[in-house]
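A.B. asks: Mind looking over this structure? Questions follow.
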Amino acid sequence: MNLLIIHQNFPGQFRHVALAALCRPGVTVTAIGRDTAPGLHGIKLFRYRSIKKASNYTHPYLHKYEEAVGDGQQVLGLLKGLKQRGYRPDVVLAHPGWGETLFVKDVYPDIPLIHFCEYYYHSKGADVGFDPEFPCAPDASSRIRPLNSMHLLNLEQCDVGVAPTHWQRSLFPTAYHSKIHVIHEGIPLETLGPMPFSSVRLPSGHVLETGQPIVTYVARNLEPYRGFHSFMRSIPYIQADCPGAQIVIVGGDGVSYGRLPKGFANWRSKLLEELDIDLSKVHFTGKLSYETYRAVLQVSEVHVYLTYPFVMSWSLLEAMASECVVIGSDTAPVREVIDDGINGLLVDFFDAEAIAGKVCSVLKTPGDFNLIGKTAKSTASRFDLKHGLQGYFEIFDRLVSCSK
């Protein structure tokens with residue numbers, strides 16, 4: 234089987250699928266990504282340069298669409314070259330969110346195309362307009378419609394869609410739900426098992442040890458979409474009620490979603506100016522190696538995971554797999570995984586005092602929450618990498634056999 238994977242930041246969400254495919258007899262993997270994509274050892278990656286020069290005459294609502302068409306044409310050129318050299322994939326797996334697959338069917342009309350259906354935008358009921366502290370622009374709803382039109386075209390073109398969660402699939406138009414399978418890509422649970430050490434040294438040199446009252450918060454970047462502002466505002470309450478708490482904040486100072494704050498270099502500096510916090514017990518680690526990140530979760534007593542109604546982070550599942558007691562925001566993607574009081578605790582995303590109250594209830598009587606931690610690990614096992622890989626390869630095999 235010739236598997237072609239298209240992802241602007243290859244491997245992106247397809248890392249584990251691509252690596253597993255490499256290990257399967259009779260499977261060859263080829264990839265297409267931007268010239269900035271990291272790639273994977275052992276997989277030939279054909280790179281393209283993104284075109285990001287929207288015309289001055291293009292309507293502002295169409296700037297991203299125009300960029301997507303440009304990227305789609307770049308990929309189209311690569312595909313034509315591959316076809317001329319005799320390459321023919323048996324199945325194409327792609328993330329269509331940036332336009333790369335707009336013209337795949339023009340080159341390989343009969344090849345099964347699988348799209349990763351990550352997100353379909355809504356002006357109400359999801360991330361847009363969720364946080365009253367950051368009101369959306371008056372024309373936000375109008376801007377979303379042409380953006381979604383590309384996703385509708387993607388849905389029309391693909392043979393099968395894959396969404397990581399039921400929440401994400403629910404955002405897409407009902408007419409397409411039968412085409413979209415719910416398969417989480419999975420997390421490597423075997424790497425999140427018991428650690429040989431009961432302590433971890435942070436980049437600052439500070440050492441954390443199992444048994445300490447340790448609170449963790451993790452995000453790729455520290456920003457409102459992942460509730461960083463709410464968590465930071467809970468810290469004064471945590472420190473007042475549990476002064477011995479060691480608070481570990483893992484993540485970068487960039488922005489993955491939304492914007493940087495006006496007048497500040499990042500959200501961390503803005504919140505630190507706003508709040509009175511004892512920084513001697515708050516540890517900003519920046520981004521960590523996976524091994525150190527694992528160790529931090531292993532020694533953590535309670536983990537706080539907050540998010541807008543948006544894509545669920547792997548860190549939530551990784552914390553649960555590590556038997557952390559998770560305090561999660563009572564928002565749609567979290568509710569799909571956490572059953573309040575059973576395998577975690579839910580809290581109002583915006584209520585900093587309530588977040589602190591939940592945190593301190595765990596820190597004061599951790600033994601009362603041992604069962605929640607163990608149940609969380611059991612829940613996380615449903616998202617084991619082996620299940621995700623099985624789901625993807627079942628689709629590959631079915632589509633390839635049907636196309637012959």
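Residue numbering for the sequence shown follows the numbering used here, starting at 234 and increasing by one per position. Where a beta carbon is used, it is the ideal one built from N, C-alpha and C, also for glycine.
Would you call the region 321-338 and the region 236-254 in contact, with 3 or more CB pairs under 8 Å?
C.D. replies: Yes: at least three Cβ pairs fall under 8 Å.
A.B. asks: My output table needs one value for A264: the three-state DSSP class, helix, strand or coil.
C.D. replies: Of the three classes helix, strand and coil, the one that applies to A264 here is strand, per DSSP.
A.B. asks: For the alpha helix (DSSP H) that G303 lies in, which residues bound it at each end?
C.D. replies: Here the alpha helix (DSSP H) through G303 covers 296-317.
A.B. asks: Roughly how many angstroms separate the alpha carbons of V324 and G574, rounded to a whole number?
C.D. replies: Straight-line Cα distance between these residues: approximately 43 Å.
A.B. asks: For V686 and E423, which I take to be in contact (beta-carbon distance under 8 Å), what is that distance rounded to the nearest angstrom?
C.D. replies: Here the chain covers residues 234 to 637 and nothing more, so residue 686 does not appear.
A.B. asks: Assign Y538 to one of two classes, buried (16 or more other C-beta atoms within 10 Å of its C-beta) or exposed (fewer than that).
C.D. replies: Y538 comes out buried.
A.B. asks: What are the complete alpha helix (DSSP H) segments, minimum 4 residues, inside the region 396-455?
C.D. replies: The region 396-455 contains these whole alpha helix (DSSP H) runs: 399-404.
A.B. asks: Below 8 Å CB to CB, which residues in the same chain sit around H355 once its five sequence neighbours on both sides are set aside?
C.D. replies: V361, I377, L404.
A.B. asks: Mind checking which residues open and close the alpha helix (DSSP H) that includes V176?
C.D. replies: Absent from the model: residue 176. The displayed extent of the chain is 234 to 637, so no value can be given.
A.B. asks: Contact defined as beta carbons within less than 8 Å: I believe P397 pairs with H417. What is the distance between those atoms, to the nearest angstrom?
C.D. replies: Yes, they are in contact, since the Cβ atoms of P397 and H417 sit about 5 Å apart, within 8 Å.
A.B. asks: Thinking just about the alpha-carbon of each residue, which of F349, A408, D364, N381 is nearest to the one in C391?
C.D. replies: Out of F349, A408, D364, N381, F349 has the C-alpha closest to the C-alpha of C391.
A.B. asks: Of all the CB atoms in chain B, is at least one closer than 8 Å to the CB of G245?
C.D. replies: Among the chains of the structure shown, chain B does not appear; only one protein chain is present.
A.B. asks: Excluding five sequence neighbours on each side, which residues of the same chain lie with their C-beta closer than 7 Å to the C-beta of A478?
C.D. replies: P446, V448, I471, Q472, K514, L596.
A.B. asks: Can you tell me whether A327 is helix, strand or coil according to DSSP?
C.D. replies: Three-state DSSP puts A327 in a strand.
A.B. asks: Counting Cβ pairs, one atom from each stretch, are 3 or more of them under 8 Å apart for the region 294-311 and the region 378-386?
C.D. replies: The region 294-311, when compared against the region 378-386, does touch it at the 8 Å Cβ threshold.
A.B. asks: Please classify F247 as buried or exposed, where buried requires at least 16 other C-beta atoms within 10 Å of its C-beta.
C.D. replies: By the neighbour-count rule (16 or more Cβ atoms within 10 Å), F247 is buried.
A.B. asks: At which residues does the beta strand (DSSP E) containing R280 begin and terminate?
C.D. replies: Its beta strand (DSSP E) spans residues 277-281.
A.B. asks: Identify the residues that DSSP records as bridge partners of F602: which are they?
C.D. replies: F602 is not bridged to any residue.
A.B. asks: According to DSSP, simplified to helix, strand and coil, what is D617?
C.D. replies: Here D617 sits in strand by DSSP.
A.B. asks: By how many angstroms is the C-alpha of S431 removed from the C-alpha of R527?
C.D. replies: Each residue's Cα considered, the two are about 12 Å apart.
A.B. asks: Taking all protein chains shown into account, decide if S288 is buried (16 or more other Cβ within 10 angstroms of its Cβ) or exposed.
C.D. replies: The residue is exposed, with fewer than 16 neighbouring Cβ atoms inside 10 Å.
A.B. asks: So, helix, strand or coil for Q479, using DSSP?
C.D. replies: Correct three-state label for Q479: strand.
A.B. asks: By the DSSP assignment, the alpha helix (DSSP H) with L388 in it spans what residues?
C.D. replies: It spans 373-390 - the alpha helix (DSSP H) in which L388 sits, taken as one unbroken run.
A.B. asks: Pull up the distance between the alpha-carbon of A264 and that of L604, whole angstroms please.
C.D. replies: The straight-line gap from Cα to Cα measures roughly 44 Å.
A.B. asks: Could you compute how far the alpha carbon of D364 sits from the alpha carbon of G266?
C.D. replies: Each residue's alpha carbon lies about 34 Å from the other.
A.B. asks: What does F517 pair with, by DSSP beta-bridge criteria?
C.D. replies: Paired residues: I482.
A.B. asks: Measure the beta-carbon distance from R453 to S489 and round it to whole angstroms, keeping in mind my assumption that it falls under 8 Å.
C.D. replies: With 8 Å as the limit, R453 and S489 qualify as a contact, their Cβ atoms being about 5 Å apart.
A.B. asks: Could you spell out where the alpha helix (DSSP H) holding S463 opens and where it closes?
C.D. replies: Note, S463: alpha helix (DSSP H), 461-474.
A.B. asks: May I ask which residues mark the beginning and end of the beta strand (DSSP E) holding S548?
C.D. replies: That residue, S548, is in no beta strand (DSSP E); its alpha helix (DSSP H) goes 547-554.
A.B. asks: Using 8 Å as the threshold, is the C-beta distance between V558 and F602 below it?
C.D. replies: Taking 8 Å as the Cβ cut-off, V558 and F602 qualify as a contacting pair.
A.B. asks: Taking the CB atoms as reference points, tell me whether Y523 and I482 lie closer together than 8 Å.
C.D. replies: No, they are not a contact pair.
A.B. asks: For Y625, name the three-state secondary structure that DSSP assigns.
C.D. replies: Correct three-state label for Y625: helix.
A.B. asks: Can you tell me whether Y290 is buried or exposed, with buried defined as 16 or more other CB within 10 angstroms of its CB?
C.D. replies: Y290 should be labelled exposed.
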